[in-house]
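Asker: This is the structure I want to talk about, given as structure tokens.
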Amino acid sequence: MTNAPILVWLRRDLRLTDHPALYHAAGQGPVVLAFCHDDQDGRALGGASRWWLHQSLAALGDTVTLARGRCEAEIPRLAEACGARAVYWNASADPALSATEARVRQALKIPTETFAGDELFAIGAVRTNAGTPFQVFTPFWRAALALPPPPQPLPRPAPLVLAPCPGLPLAALELMPKLDWWRGMAELWQPGEAGAAARLADFLDGPVETYQRDRDLPAKPGTSLLSPHLAFGEISPRQIWHAAQALPPGDGIHTFLKELGWREFSRHLLARQPDLATIPLRPEFRAFPWRDDPEALRKWQMGRTGYPIIDAGLRQLWQTGWMHNRVRMIVASFLIKDLLIPWQAGEEWFWDTLVDADSANNAASWQWVAGSGADAAPFFRIFNPVTQGEKFDPDGSYVRTWVPELAHLPNAFVHQPWKMGRVPGYPPPMVDHALARTRALAAFKGLKDDPAQHLLL
DNA sequence: TGAAATGTTGGGGCG
DNA sequence: ACGCCCCAACATTTC
Numbered sequence: 119m120t121n122a123p124i125l126v127w128l129r130r131d132l133r134l135t136d137h138p139a140l141y142h143a144a145g146q147g148p149v150v151l152a153f154c155h156d157d158q159d160g161r162a163l164g165g166a167s168r169w170w171l172h173q174s175l176a177a178l179g180d181t182v183t184l185a186r187g188r189c190e191a192e193i194p195r196l197a198e199a200c201g202a203r204a205v206y207w208n209a210s211a212d213p214a215l216s217a218t219e220a221r222v223r224q225a226l227k228i229p230t231e232t233f234a235g236d237e238l239f240a241i242g243a244v245r246t247n248a249g250t251p252f253q254v255f256t257p258f259w260r261a262a263l264a265l266p267p268p269p270q271p272l273p274r275p276a277p278l279v280l281a282p283c284p285g286l287p288l289a290a291l292e293l294m295p296k297l298d299w300w301r302g303m304a305e306l307w308q309p310g311e312a313g314a315a316a317r318l319a320d321f322l323d324g325p326v327e328t329y330q331r332d333r334d335l336p337a338k339p340g341t342s343l344l345s346p347h348l349a350f351g352e353i354s355p356r357q358i359w360h361a362a363q364a365l366p367p368g369d370g371i372h373t374f375l376k377e378l379g380w381r382e383f384s385r386h387l388l389a390r391q392p393d394l395a396t397i398p399l400r401p402e403f404r405a406f407p408w409r410d411d412p413e414a415l416r417k418w419q420m421g422r423t424g425y426p427i428i429d430a431g432l433r434q435l436w437q438t439g440w441m442h443n444r445v446r447m448i449v450a451s452f453l454i455k456d457l458l459i460p461w462q463a464g465e466e467w468f469w470d471t472l473v474d475a476d477s478a479n480n481a482a483s484w485q486w487v488a489g490s491g492a493d494a495a496p497f498f499r500i501f502n503p504v505t506q507g508e509k510f511d512p513d514g515s516y517v518r519t520w521v522p523e524l525a526h527l528p529n530a531f532v533h534q535p536w537k538m539g540r541v542p543g544y545p546p547p548m549v550d551h552a553l554a555r556t557r558a559l560a561a562f563k564g565l566k567d568d569p570a571q572h573l574l575l
């Protein structure tokens with residue numbers, strides 16, 4: 119064994135525990151942990167994600183050596199600068215990220231080794247009896263659960279001997295926004311591995327028990343809030359899986375693990391369809407008569423639609439970088455079906471504003487709502503923003519939190535303020551939902567009935 | 001992981 | 001006592 123270090127290239131796996139590449143490298147001697155910020159490494163991160171990344175790297179502190187520029191130039195340069203004898207990393211599931219990894223491998227003159235990525239089940243391991251990929255979630259997840267369970271998480275390497283390597287200061291990555299819109303985020307989140315572990319512990323200590331019931335109530339702290347930590351790999355799904363399995367079984371845990379299943383399903387879809395964020399999986403949707411309406415899109419983005427549950431969700435997103443999952447479905451349905459704005463516009467907005475923006479989850483979920491994806495909600499499933507609000511935010515406390523103009527309204531009006539007359543400072547509904555619903559159904563019907571449209575594909 | 005329209009049922013008021 | 005109507009409650013169908 120030489121004393122030359124192994125360079126461990128951090129991807130979207132900013133943690134030290136259950137990190138296969140790091141674990142195996144550290145078992146052989148000194149290690150250099152390196153991260154390279156590269157806007158051309160996959161899809162360029164949105165503003166909220168850049169803030170999170172900055173904080174997550176700050177949490178790693180001196181442990182990590184930083185670089186900026188094209189990965190295929192910077193990783194070989196760092197490897198040479200620190201005299202590395204090999205480069206290890208965990209393989210990414212996103213084809214755009216693995217393409218970068220292939221270029222890096224090609225550019226390196228020293229050996230490389232890659233390890234299992236952040237999936238519970240290896241991409242391609244979950245297949246039908248006929249050997250084909252699943253198109254529907256439920257059988258996919260059933261088949262996955264029949265496989266050997268995900269391996270136990272690896273411990274944090276001890277001892278972890280870090281070799282010195284010159285890198286950039288964090289500020290040189292220029293990830294922090296110029297304006298300080300991130301204050302609301304800093305209050306809610308603690309990026310980094312320790313924050314992730316604390317969230318998991320808090321969730322498993324209480325909310326998971328009633329998860330099946332409470333996860334749909336946006337005013338309650340009923341969800342795990344782990345999504346941004348998962349998106350940056352500050353915690354691995356294997357860690358979550360095994361921590362949850364260690365508890366007494368129940369509906370809550372079962373339902374929670376199924377959400378990890380959707381994450382797996384999305385990754386399997388993205389691996390097969392690298393353009394998942396832009397191209398509808400169902401080809402007939404390419405001919406959908408979407409509207410081009412920048413002004414309407416802007417009202418939606420800013421939370422000024424006039425529908426309280428929609429506006430609350432989009433303002434929560436803007437202020438915290440996160441939105442409750444139930445509300446994500448409602449606002450997405452509204453953009454796509456009430457406004458007839460292409461789902462890709464919503465996908466882009468979420469990509470830019472979510473701290474948990476994930477190339478697979480975001481694309482697959484927007485396609486799911488649009489009805490254009492695998493195992494998607496049928497197009498005619500159109501959420502009524504008033505009904506959804508009354509059902510899942512019955513006392514209006516979620517709306518009151520994020521739309522202060524409505525805080526004083528009685529419960530009976532908090533989800534339909536126009537029935538009280540004009541509320542100062544709050545806009546009237548930008549569309550009539552009943553009319554919008556009819557319009558959406560007509561547009562969809564035209565898509566199916568008009569054979570000429572299919573010829574346009 | 002819908003909503004709205006339409007259909008069915010059954011209790012109670014009433015002539 | 002009986003048929004008729006109303007309508008809420010629930011079920012089914014349709015988009």
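To convert, count from 1 in the first sequence and add 118; that's my numbering.
Glycine included, every Cβ here is placed at the ideal spot set by N, Cα and C.
1) Need the endpoints of the alpha helix (DSSP H) that TRP259 sits in, please.
2) Taking the alpha-carbon positions, what's the ASP470 to ALA225 distance?
3) Taking the C-alpha atoms as reference points, what is the distance between ALA364 and PRO268?
4) Taking 6 Å as the limit between beta carbons, can you name the residues of its chain near ALA139, skipping five residues before and five after?
5) For HIS526, does the count of other Cβ atoms within 10 angstroms reach 16, so buried, or fall short, so exposed?
6) In chain order, what residues of the same chain lie with their CB nearer than 7 Å to the CB of MET294, ignoring the 5 residues before and after it?
7) Can you name, in chain order, every residue of its own chain whose Cβ lies under 6 Å from the Cβ of ASP369, other than the five neighbours on each side?
8) To the nearest angstrom, how far is it from the Cα of GLY514 to the Cα of TRP484?
9) Please identify the residue among ARG130, ALA122, GLY165 whose C-alpha is closest to the C-alpha of GLY147.
10) Using the beta-carbon count (16 or more within 10 Å), is LEU575 buried or exposed?
11) Nearest to ARG540 by alpha carbon, out of LEU524, GLU231, GLY179?
12) In its own chain, which residues sit with a C-beta less than 8 Å from the C-beta of ALA576, not counting the 5 before and 5 after it?
13) On the three-state DSSP scale, how would you describe THR396?
14) Assign PRO569 to one of three DSSP states: helix, strand, or coil.
15) Roughly how many angstroms separate the alpha carbons of ASP159 and GLY249, rounded to a whole number?
16) Please give me, in chain order, every unbroken run of the beta strand (DSSP E) with length at least 3 that falls completely inside the segment 153-212.
17) Buried or exposed: where does MET420 fall if 16 or more other Cβ atoms within 10 Å of its Cβ makes it buried?
18) From PRO426 to PRO535, what does the alpha carbon distance come to, in whole angstroms?
19) Which residue marks the beginning of the alpha helix (DSSP H) containing GLU465, and which one marks its end?
20) Short check: CB of HIS360 to CB of PRO271, under 8 Å?
21) Any idea if GLU192 is buried or exposed, counting beta-carbon neighbours within 10 angstroms, 16 or more meaning buried?
22) Tell me the rounded alpha-carbon separation between HIS142 and PRO229.
23) Taking the beta carbon of LEU573 as the centre, do at least 16 other beta carbons fall within 10 Å, making it buried, or is it exposed?
Answerer: So, to answer that:
1) 255-264
2) 31 Å
3) 14 Å
4) VAL126, TYR206, TRP207, ASN208, PHE233
5) exposed
6) TRP169, HIS172
7) GLN330
8) 26 Å
9) ALA122
10) For LEU575, the predicted model reports a pLDDT of 36, less than 50, meaning its position is unreliable and no value from the coordinates is stated.
11) LEU524
12) A question about residue 576 goes unanswered here, because the residues of the chain that appear run from 119 up to 575.
13) coil
14) Because PRO569 sits at a pLDDT of 49, beneath the cut-off of 50, its placement in the model cannot be relied upon, and the point is left open.
15) Between the C-alpha atoms of ASP159 and GLY249 there is a straight-line separation of about 32 Å.
16) Runs of the beta strand (DSSP E) inside the segment 153-212: 182-186, 204-208.
17) exposed
18) Straight-line Cα distance between these residues: approximately 8 Å.
19) 461-471
20) yes
21) By the Cβ neighbour-count rule, GLU192 is buried, with 16 or more other Cβ atoms within 10 Å of its own.
22) In this structure, the alpha-carbon of HIS142 lies about 14 Å from that of PRO229.
23) Only weak support exists for where LEU573 lies, its pLDDT of 42 falling under 50; the value from the coordinates is given anyway. So LEU573 counts as exposed.
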